[in-house]
Structures are given as structure tokens and as C-alpha cells.
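A.B. asks: Residue 236 is where the sequence shown ends in my numbering, and the numbering goes up by one at each step. Glycine is no exception: its CB is placed at the ideal position from the N, C-alpha and C atoms. As the structure is a computational prediction, the values presented were derived from the model and not from experiment. For reference, the structure I am asking about is given below.
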Amino acid sequence: MKRLILLSLILTSFVLLTACGTTPTQTPVLVDINPATSVPTSSEGNTIPELPISTEVIVENTAPEVATQAQLDFSYENALSSRLMLALGTLKLAETENPVSLDQAPQLLLLWQALQNMTNNGTSPEEEVNAVLAQIEATLSSNQINLINSMKLSQTDIQTWATANGVTVGTGSGSGTGQGTGQGLSPEARATKQAENGMIGTSPNSENGLSVVITNALISYLENIN
């Protein structure tokens, strides 16, 4: 009887020891490491698109275009001189959509007055006169210069202007009594005298008379732009 009880206790202890030494079986966790199927995600769970990486930097340097100032055209037959073309052309711009502006008028007035003083003086070097004419041309815009070029101003146009403004074409020879003809005066002084009397000579010096008359008319025009 005692042996049965002892055997029963031994069996019970063995069962308990076996149960305590057994650990539960862990299920393995499979991790997919295939990069073709992996999708990167942001912290918010949104898909982050893959952006192409480029190391090429394209720098395009384009030089700014510089507008060139238009110049007077003297290439056609019977073209006026620079002074007459600028004077008559500026007056005729008043008949176009691009007349002398309020900003241009004071500058042109000073330049034409300086040119008038040079003519009255009669001793100014040709280089100084040409320099003032160049400034006058530069003061006009390219559009205005192009308009003057399109007019193709010639001796016929200046004669037409003279007739329309009551300027009489005379001989300019200085003959006669000397009253009003400028006899004994220098060419520049004679041109001024003829201009004051409203007369333009037909001699080679007649352009001086034309210049004086039309310059005076242009100065009056510029003074009234306001």
C-alpha cells in the first residue's frame, strides 16, 4: 500500500516537472525584403514619389538687345542738307502721330537757339555746328527720324514751304541800291538780312537764308509747345 502511494507521488511530481519545463512554440515572422515590392511612406502614411536626380545645370546667358538710334537718310536725289532736313522735318512732324513731345521741346529749343546764334555770329567752326546738329538728331526718337526719312524731303519741299509761309525767292546777288539786299555784308550776315526781309536768294548762299528763316519758324513752334 505504501509502495502504491509512493509510486503515485513520483508519477505526479514527474508530470509537474515536465509541464514546467515546456515553453510555448513561437510563430516565425516573415519580412519581405524584396526592394521591388517595397513602397516608401511618409510619417502620415502617404506615398512619397521617387524624383529623378539630375546634376546637370543649364545656364543660359543672353545679352540684352540694345536699340540702335535711327539716322537721317541722305541717299536719295536732291536730299536736303542735315540742318534743313531736321528743321523742316521737325516742323512736319506736327502733321503726324508722333510730333515733338513736351519733354523734347525744351531740349530742342535750346539746341536750335544755339545753332541760330552760331549762324548769326558767322565765325563758328563747322565742327561745332555739326556737333549741335548731331545732338538735335539724337534728341529725336527713332520713330520720328524714320518718319522724316519717309518724307523724302528735297529742295522742292523746302521751296513749297517757303512759298506757303510768304518767303520770297530773290536773286540774292546783292545788286541794286543795297537796301534790304545785304550788299557789302558777309554771306552769313547777308543771309540773316534776307531772312529778316522775308527773301531767299537763288545763289549758292541761298541755303543760309533758308536755314535762318526756317530756324526762326522752328524756334517759334517749339516755344509754343506746352
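Considering only residues of the same chain and omitting the five flanking positions on each side of Thr149, which have a CB-CB separation below 8 Å?
C.D. replies: Taken in chain order, the residues that qualify are Gln114, Gln117, Leu118 and Leu121.
A.B. asks: Have a look at Asp83, Asn153, Leu98 and Ser85 and flag the residue whose alpha-carbon is nearest the alpha-carbon of Ile229.
C.D. replies: The candidate whose alpha carbon is nearest that of Ile229 is Leu98.
A.B. asks: Among residues of its own chain, excluding the 5 on either side of Gln123, which ones have a beta-carbon nearer than 8 Å to its beta-carbon?
C.D. replies: Ile229, listed in sequence order.
A.B. asks: Report, in whole angstroms, the separation of the C-beta atoms of Leu82 and Ile146, which I expect to be a contact under 8 Å.
C.D. replies: The Cβ separation is near 10 Å, so there is no contact.
A.B. asks: How many whole angstroms separate the CB atoms of Asn88 and Gln165, which I take to be in contact at a CB cut-off of 8 Å?
C.D. replies: Yes, they are in contact, since the Cβ atoms of Asn88 and Gln165 sit about 5 Å apart, within 8 Å.
A.B. asks: Going by CA-CA distance only, name the one from Leu232, Val139 and Gly219 that's closest to Gln169.
C.D. replies: If we check each option's Cα against that of Gln169, Gly219 comes out closest.
A.B. asks: Spell out the partners DSSP gives Ala89 in its beta bridges.
C.D. replies: Paired residue(s): Ser164.
A.B. asks: Taking DSSP as the reference, what is the three-state secondary structure of Thr129?
C.D. replies: Helix at Thr129.
A.B. asks: For Thr78, does the three-state DSSP call read helix, strand or coil?
C.D. replies: Three-state result, Thr78: coil.
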